[in-house]
Structures are given as structure tokens and as C-alpha cells.
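For the sequence shown, my numbering gives the first residue as 1, with consecutive numbering after it. Below is one structure, written out as C-alpha cells; comments come after it.
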Amino acid sequence: MPVKVSARTPVEVAVRRKGRRDPSTYAMLLALVVLAVVMLIPFVIVVLNAIKSPAEYASRGPLALPEGLYLQGIVDFWNRVDFGQKLLNSVVISGSVAVVAVFLSILNAYAIGIGRVKGRVSLLVVFLLAAMLPQEALVYPLYYLWKQVGLYDTRLGVIVIFTVFQSAFGTYLLSSVLGTFPREILEAARIDGANRWQVLWRVVVPISRPTLTVLLIFFFIWTWNEFFIPLVMLISNENQTVPVALGVLQGQRLMDATTSSASALLGIVPAVVFFLFFQRTLTRGVTVCGGDQVKFGDGYRMRPGFEADHPVEVLDLAVAPGSLTVYAPTRRILHRADLHDSGPVVTLGLSAPMPDVVGVTITHFAGEVPRGPRFELDTDSSAEESTEVWYDDETAVLTSGALSVRVSRGEGWRVDFTAEGRTLTSSGARGMAFVTADDGRHYVRDRLNLGVGDAVYGLGERFGPLVKNGQVVDIWNADAGTGSEQAYKNVPFYLTNAGYGVFVNHPGHVSFEVASEAMSSVQFSVEGQSLEYFVVYGPTPAEILRKYTALTGRPALPPAWSFGLWLSTSFTTSYDEATVTGFIDGMAERDLPLSVFHFDCFWMREFHWCDFEWDPRVFPDPRGMLERLKSRGLRICVWINPYIAQRSQLFAEGTAGGYLLERPNGDVWQWDRWQPGMALVDFTNPEAREWYAAKLDALLDMGVDCFKTDFGERIPTDVAYFDGSDPEPMHNYYSYLYTRTVFEVLRKRRGDREAVVFARSATAGSQRFPVHWGGDSAAAYESMAESLRGGLSLGMSGFGYWSHDIGGFWGAPGPGLFKRWVAFGMLSSHSRLHGDSSYRVPWLFDEESVDVLRLFTKLKARLMPYLFQVARQAHTDGVPMMRAMALAFPHDPACVYLDRQYMLGDDLLVAPVFSDEGTVSYYVPPGSWTHFLTGEPVNGPRWVEERHDFLSIPLLVRPGAVVPVGGVDDRPDYDYADGVTLQAYELADGARATTTIPTVTGDVATTFVTSRQAGVVRVEVDHGRSAGVPRAWQVLLVGVRSVASVDGGTATEHAHGTLVRADGEAVTVTLGESPPRSMLRGSESDKTTPAT
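Here's what the structure looks like:
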């Protein structure tokens, strides 16, 4: 390991000149001083005259300094007006109004702002009008009414009046503030078992305390200064307030100037004292309430309530094999005296877990006990040997492969990540920070800059815009459907089109501000004393994903049968064996290939989820039923979740065995959402995992093939885990343990390449256990587009396979939407018909729906030689099957923001249609592409607008591609090499393409090499990479109409070109003079794709 020794010893510290202040700073300070003096002059005059004698005032005037301390005026005023009683009245009235009005305001605002009661706008208008009514208009009705009810000339009567006035204003203000209260915080509280009252007092009130304090101050001062209504309503001397007493006496000639000053001083001192006591929260009030606890910035400054310490220089270095440690103080060290009480020192640790990856750890206190959980990472033990570290007077550098991290040792703090001669990103001055909040919490933050045009992708399955710039993303799993900013699958990893990705190695809550709090950077932070992240160099997005998944885990290869059509009972529908058999018979009668049948939750008894027992009222012979279904070639999936209802017999078992998640006091954690008295399995307990796995084993013995692992997001944090794991990060990580437990049962019983789940929740690393689906979408085109964005975002987060509910989950789709979603769904990784309360067999929509499902199901089966090889790539390289255009074409600026089309593997472009009418616009990258369904050419780069009927979809083949198409269309798992057709598209002269045909177990069956030289196309079996030669195979030269000669096969005409049937291991085709292919399709005169 080369190390350049610095000439400066670590203890030497250069003395730097102090920076000079900007002249504008002095001007601002001077202006503030002048303003403060002007405002204080009246108060000072009052104080001076209050302690003068009348004689001194008469002889020397109001502005002279007093010769001595004369307090008789204050004493005389106090005794004359019985000031103690007046003060008590004002304090009681003002204090009571302030407290009660705030209490009523928070109750009203909680119902209106958070509860969202009906007619909230009208209610707010009423409260606003009540606050705006002039007191003069109300005084006579109130005087008459109070005389009637006996509240006239009582402190209670005045308290009631002002409480109504103040709470009307407070309700209006707080309703607006609480209307923006973070929903995820409320949801987290409900997950923790809090009822509405507890949510109010334990969550809303503590977070809103600064705003409530502001209202308390204002209500007290406003009521204290009220004069008119107390003057009318309080006529007896013993009930009067201070302002009334002052007003009455000011009109009497008994009051001289010094006594008047004394009265004024005594009148305002209580209010000033009250204000000073609470002033710290005055400016924080509205800004802190309802905000994100880890959004620290307020423009140039920190938000009130947060203080940040930033590393400012390198004090010392430590080098070890494969690592570099930097000690950075947060205050300038100018001389030795500064070493004492110098503030926090940030320890920056740099390491290399594998080539082209740099690990960064930012630590304040290193003594924090690691409780877990931690992500399971696959590091490269040999990386340490190839890691280089060196430093000199100006720089310290750690290099891992092509990626280097450079820490500046000169003036100013800066950390740069560089590769191949360019800077990828940097953390500059005030980027890293140790943040302390007023409530005692601590956070660690870093901020990596974005260059002009840098786009950010990933962060899990997010249903908003594919490019995350401008978004605030909280890594916190939630069950919120596809229509919100929340997500089922939160992954603290993002990649950019600038050649790098960032993985924050924290399973819990991570807050990302992506070009939002700071426009030219990504900020991320975690609570605690330390932050760890990895920078991954590509340079391409595909290479970034390859290296990221090498670190966090590659997706397993799902079984080939799982790529066929899944049909579900749906969620709340009624069904029994006759219903199920009727659906399966209907599919067979209509020639609709079906691979998997799924039983959703009502295969178990209601209120018993999950006891893993078939409902005997509906399924009296489940084992026999499964045998009958499987005899038809079907695989069986059943719905499960990690929750145990109290009525389930497993609740008593789990409680007795200690298998259920407990509260800190030892009680089993329970709530009544989803199932009455529901508890959760504690998957940190090995015995609990074995207990849960045994229940699944029994179902596998019965004939079940796989499980839909639903839920796993609503995980509470007021719990104690068996292994002592921290409940906060376990909120997200629970999904990993849950899915891993189920997947390992399947892998153990069925084998490595037969295990598959259908999972909803996930975190980083969950890609190891496929497949995941997009959760609860709605039956609408908008939700169909949301689902696609979520799938592409998840693919950019390291997940290789993804599915969604065809037709949407919530609601009943119309026939048009169902047919459009079928085309999209069958050209996805995995395809499932599933819904909420409606069956999803196609004949219930219309007869054309049957035709559409048949066409695209058979198309997918024929594409399985291609698709299963793409699946193998996802398994071996971590690149998803469904790829955002920015992932497939990273150097094409037109692809940066595209989120309504995608690449299915390397060679197929899919553009779903999002309307009944069939109009679709999509972008075609450079080259001569071909419509797969029609054989028509489409030249790029350009945007194309087309109209498609329901039996068509834009499905384009990349120029130069050789797509293997199978000879079987009624099942997804078959011998892909036998009878395969290699469809070659736009082979350029000098081109060479390798096509691998997999077996159904994921091995290599045959490898073909296709080349073109000087008008001769040759296709041959590569024996070095093949298990054998297919019995029958052929080549389709798409777009080629003229062939001069064929060696090793027989050529015939085909609708899309020339078909050559091979006689042996190779064919050679000499091309003839072909007419040019039709020019660019999609002109104004021709925008309709013929149906096939």
C-alpha cells in the first residue's frame, strides 16, 4: 500500500488569520442598535419618573436622572387602587383565558385540521367571522344576557367572553397549521396502538407545543390589555382589572406625573415578565410545528430548534490496511488553547468493501452501543489488498478500483469522489454535520452535490415521478397504496446519471432531500451518533446496479412456471372449490393458458388470520382439492401475513412460546386493526421462525407451491424484540426477516430454483427473495401509470422482478382499462389477475377481453426463451428485467425523464397504452427499430404517435437484436431450445450477436452466434457454451425479402421476412438485392397499427 508521508507532523497546526467581517454586517448591527434605543426610550422615561418624587419632577423635568430612589409613588398607587387585588384579577382572567382558549383551540383544530370533518371550510369561516366581530357590537347583548344568567360583574363572566373570542382565532390558526401535519407521523402513532385521544396528547400536542406556546403568550397579553369589555362588565372595585383601574385613575386629578408613571410601570411589568419567560418559543412556534424532524435547513440558516456542527479542517489522520480515518474538529484550531472545549470532533472513516465502492462513516460519539439490525452485506475480502491510501500536506486519498475519495487538508473542508479523471460528487463546507435538536435528539447528515443535468433515481418503489429531483423522501415503510408519496418498499439507495450511486447503510428511517432543501445536492440524515454510506461507481447505471447488488444481494432466479399467468380469487369475493373449478374450466374452454391459481385471504376463516388452516365450512377437503387442481398442471399459491389474530389457535401457542412481539413491559403487542386483537410474529426469535416455518411446511405437504407474503409494513416501534434489536430500524427491516423466513422454507423444500413468493413490503436486500408486486393500485389509468413508475423506480433500486394487479386492485375496471392493463401486465416480469371485490376472469368484462388475454398470454409464452434469459441476467448481474429508458440508454438525454415506456430486457421496447381510445406517444431511440407484432420499421430518434386497438401495443425490437422465440404458447416452462426461432432484426455489416437459450432450470441449453459480413449472415451453435444442439431450430431474417443462397438449411417466405430452417449446427445465408424497407412510420397520414 503506497503511503506518501506528510512533512507536517499530525500535532502541528497552522495558525490562520481570522476572517474579516463584511462592512454591511456593521451597518446592520448599527441599524439594529438605533432601532432598539428608539423603542426603549419611552420605557426608560417611565422607569425614571416612577422613582422620582413629585418635587424633583417639578423642579428638574421628566428627562433628568433621579437624584435618589423614590418608591413612595409606587407604594401610594399600590395602596390607593388596591393594586394587589387588581393584579390578581388580571392574572386570573388572562391566565384562565389563555389556558382554556388554547385547550379548546387544539381540540377544535384537531377535529377540523387533522380529522378533516365534513364542512371544514364552512366551519373555519364561522370561526374567522367570530374572531372578526367588533366588541362594541356585542357588548349590549352580552351585558343583557350576563345580567340574566348572573355572570355580570364576575371574573367568570369575562373569562367566558374572552375565551370564546380567543379560541375562535386559535381554532382558525391551528386548523391551518395542523392541516399540513405529517400523515406518516400520525400513521406511525396508530401503528403503535394509540387511539385518537392518545394521538392528540402524545403526538400532536408535543410536536405542536411551540405553536401552542405562541398562542398562550398572545392570548394572555391580548386579554391582559383588554379595556372596553372589562370596563362595562366589571363595575365593582374588587373585580376590576389593572387596565380598568389605570384608565379610571388616569381621569382623576389625584394622579400626579410620578404616580402615573408608577402605575404604568406596575401595569406593564407582569406582561413583560410573562413574555420574557416564554419568548424562546415565540419565533419557533409556527415554523417547527408539523415539520419534518430531520429537515434542518431554513435557507442560509438552520431552522429554529436545531444546531449544527460541521467539520472545518483535518486535524489528524490514521492509516490502516484498506482504510483511512480522518479526525476533523468543528472549530478552527488556531493555537493550543483552542484544543480545550473545541466542540465536537467528527471522525470520518473511509474504506473499500469491494472494488469501485467506497464506504464512508461519519461519527460523533463512538460509544453508542450497536443494537441492530444491520443489512446483510456481501463484502469482498480481497478488496483490502487492492485498496491504495496516500496523503501529503494538501490531500489524503483512498482509492478503490477506479473510484477515489479525496479529503482536502488545506484551507476549507471538502471531500471529493472522483473516477477516471472527473469529479462525480462532493461534500463541501457545511455538507457533513452533526445536528443537535432542542428536544435532545441527535442526527448525522451529509450532503452530496448534484451537477447541472444530474438526475436521481431509485429510493425504492415510489409512485411519483421517476426522477426524484425536487422530492423529499422518507425511508419508512407504509401501507398507502400507489397514490401517495409513501411506499411499501423503501430502499435507502439512489443512483444518478452522473455515473455513481449512494447506498445509506441504515435499515431505519433515513430522510432524503433530493435537490429540495438544497437545490444542487442530495441531503440524507439519520438519527443517532453515526452515519454510514457507500458510494458506488459505475460508470453506467447498469454497472452501478451490478455492484450495488453484489454488495446487498442479487435476486434469486424465480422458477420458469412463475412467469406464466396467475389467476386469483380476489380479496373479498365469495368462493369455494366449485367457484375455483369454474374459473379454471372457463380458462381452459377459452384456450387461456393458466400457470398459477392463487387463494387470497378467505381460504382461512375470518378473524383467524393467520392460523394456516383451511376454512372447513368452504373447503372440507383441501388436500383433495389441491390434488385435483394440480393434476391439471397448475401451481398453487396461498395468501399469508405475519400477523396472528387473537381468535386464532396460534395466538395461544405464540404467547406461550414467546413467539410474538412484545411491549417493553412484557405484554404481547396487540391492536384491532386488520384483525381483532392482532399480534405479530417476532422473527428475531429463532424458535419463532421455526414455529412459523412449520406451519408453512404443513401447507407445502398438502400441495401448496408458493406464498403471497402480504403486509409487513405496519410494524410498531413501542416493542421489545427477542434479540434486543432497535424497534425503530426494525420497522423497515421486519419485512426482510419476514420474507426471508418464508423464502428459505420454500428453498429448503423445493430447491434453489423453485422458490418464489409474491411479496408487498421490502427494504434493501429484499431483492434476494423475489417476486415483489406493486400493492394496492386503483382501477384507473392514472393508477396504471403510477404502478409503472413504481416498478421502474424499484428496478432502479436493485430489484430484478416486479408485478402488479392487472386491472387495478381497488374498484372494478371497465373493459377498456382491463384490456389495456392486460397487455401491460403480460409484458411485465410477472403477471397476475387480482382485485379487491370483483372477480378478474376476462369473460366477465367482454368477449374481446378474452381475445386480448389469449393473445398476450400466448405471446409471453412464446417469448419465454428470451424472457427467461433476461431473468437469468437479473439473477447474475442485478439488472432488472423491466428497465427504465434512462437505465437502458444512459447517454440519450431524451430518455432521462421517460416513465411511460420501458425496455423489457436488452432488446424489447414496451409502451403501454393509457386510454380506451388507444392513442399513445412514445420515444424511439436512434436506429431502425421494428414492430414485433407487425414487422413494420420505425426509425429513430424521434417521438412517434400511434393509435392501437386492444389487440395491439407498441412492442419494438432494437436494431441488431436476435430475439429467440419458442415454439410453445400454452405454458411458460418448456424446452426452450427445441423448435426455437432466432428472429434477427436489422443486422449491420460486421455485426456479431450471441444468443443464449436457457433451460427451465436456469442453466444454458444452447448458445448461438449470429454474424453478418459483406452480405452474408451466418448463424451457428457455439459448442463451447452449449449443452447440445437443438433437434429443430430456425432463423427468421426480419425485413429480408431476397436471398441469393442458403447453406445448411431451407429458406421460405414469411410475413415478416425470410424464414430459414436449419438442417444441422449452422446456416449461412447470402443475401440478395432487397428493396429498401419502408421509411419512417407514424406520419400524419398513417397513425394506426394493424391488429394482429
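The beta-carbon is built from N, C-alpha and C at its ideal position, and this holds for glycine as well. Values in this document were obtained by computation on a predicted structure and should not be read as measured data.
Residues sharing a beta bridge with residue i, DSSP
{"i": "residue 1135", "result": "One cannot answer for residue 1135 here, as it falls past the ends of the chain, which runs 1 to 1092."}
{"i": "residue 329", "result": "345"}
{"i": "residue 637", "result": "598, 706"}
{"i": "residue 1135", "result": "The requested residue 1135 is not part of the displayed model; the chain covers only 1 to 1092."}
{"i": "residue 998", "result": "1004"}
{"i": "residue 1095", "result": "Because residue 1095 is not part of the residues shown, which for the chain are 1 to 1092, the question remains open."}
{"i": "residue 407", "result": "396, 415"}
Residue from the options whose Cα sits closest to the Cα of residue i
{"i": "residue 983", "options": "1031, 1029, 1060", "result": "1060"}
{"i": "residue 1002", "options": "532, 162, 560, 826", "result": "560"}
{"i": "residue 331", "options": "324, 317, 346, 323", "result": "346"}
{"i": "residue 892", "options": "536, 965, 453", "result": "453"}
{"i": "residue 968", "options": "758, 1042, 863, 1057", "result": "863"}
{"i": "residue 955", "options": "912, 31, 1013", "result": "912"}
{"i": "residue 1094", "options": "45, 408, 199, 490", "result": "Shown here, the chain extends from 1 to 1092; a query on residue 1094 therefore has no answer."}
{"i": "residue 475", "options": "746, 172, 620, 762", "result": "762"}
{"i": "residue 314", "options": "226, 305, 308, 334", "result": "334"}
{"i": "residue 598", "options": "757, 1049, 443", "result": "757"}
{"i": "residue 524", "options": "389, 471, 929", "result": "471"}
{"i": "residue 591", "options": "100, 855, 106", "result": "855"}
{"i": "residue 772", "options": "751, 752, 753, 736", "result": "736"}
{"i": "residue 534", "options": "505, 512, 546", "result": "505"}
{"i": "residue 808", "options": "827, 782, 830, 878", "result": "782"}
{"i": "residue 664", "options": "38, 796, 720", "result": "720"}
Endpoints, beta strand (DSSP E) assigned at residue i
{"i": "residue 449", "result": "442–449"}
{"i": "residue 929", "result": "919–931"}
{"i": "residue 523", "result": "521–527"}
{"i": "residue 786", "result": "From DSSP, residue 786 is part of no beta strand (DSSP E) but of the alpha helix (DSSP H) over 781–795."}
{"i": "residue 548", "result": "That residue, residue 548, is in no beta strand (DSSP E); its alpha helix (DSSP H) goes 541–552."}
{"i": "residue 897", "result": "Per DSSP, residue 897 belongs to no beta strand (DSSP E) and is neither H nor E."}
{"i": "residue 1181", "result": "Residue 1181 is absent from the structure shown; the chain starts at 1 and stops at 1092."}
{"i": "residue 423", "result": "422–427"}
Own chain partners of residue i with C-beta closer than 6 Å, once the 5 adjacent residues on each side are dropped
{"i": "residue 404", "result": "397, 418"}
{"i": "residue 102", "result": "212, 215, 216"}
{"i": "residue 746", "result": "755"}
{"i": "residue 1051", "result": "1043, 1058, 1060"}
{"i": "residue 1037", "result": "984, 1057, 1058"}
Where the alpha helix (DSSP H) containing residue i begins and where it ends
{"i": "residue 743", "result": "727–750"}
{"i": "residue 623", "result": "622–630"}
{"i": "residue 486", "result": "Residue 486 -> no alpha helix (DSSP H), and no H or E assigned at all."}
{"i": "residue 223", "result": "205–224"}
{"i": "residue 474", "result": "Unbroken run through residue 474 is the beta strand (DSSP E), 471–475; no alpha helix (DSSP H)."}
Per-residue DSSP class, three states only, for residue i
{"i": "residue 368", "result": "coil"}
{"i": "residue 572", "result": "coil"}
{"i": "residue 282", "result": "Low confidence applies here, because residue 282 scores a pLDDT of 43, under 50, leaving its location unreliable and the question unanswered by this model."}
{"i": "residue 481", "result": "coil"}
{"i": "residue 316", "result": "strand"}
{"i": "residue 154", "result": "coil"}
{"i": "residue 658", "result": "coil"}
{"i": "residue 697", "result": "helix"}
{"i": "residue 466", "result": "coil"}
{"i": "residue 1020", "result": "strand"}
{"i": "residue 1071", "result": "strand"}
{"i": "residue 722", "result": "coil"}
Cut-off 7 Å between Cβ atoms - residues of its own chain near residue i, not counting five sequence neighbours on either side
{"i": "residue 775", "result": "481, 482, 488, 760"}
{"i": "residue 1032", "result": "978, 979"}
{"i": "residue 792", "result": "466, 882, 884, 899, 902"}
{"i": "residue 593", "result": "564, 565, 857, 858, 861, 970, 971"}
{"i": "residue 1082", "result": "In this predicted model, residue 1082 has a pLDDT of only 37, less than 50, meaning its place in the structure is not dependable; the value taken from the coordinates is given anyway. Counting only Cβ-Cβ distances below 7 Å, and skipping sequence neighbours, we find 938, 944, 945, 946."}
Short CB-CB distance (under 9 Å) between residue i and chain C
{"i": "residue 864", "result": "The structure shown has no chain C; it contains just one protein chain."}
Residues near residue i in its chain [Cβ-Cβ closer than 8 Å; skip 5 each side]
{"i": "residue 142", "result": "161, 229, 233"}
{"i": "residue 1072", "result": "1042, 1043, 1044"}
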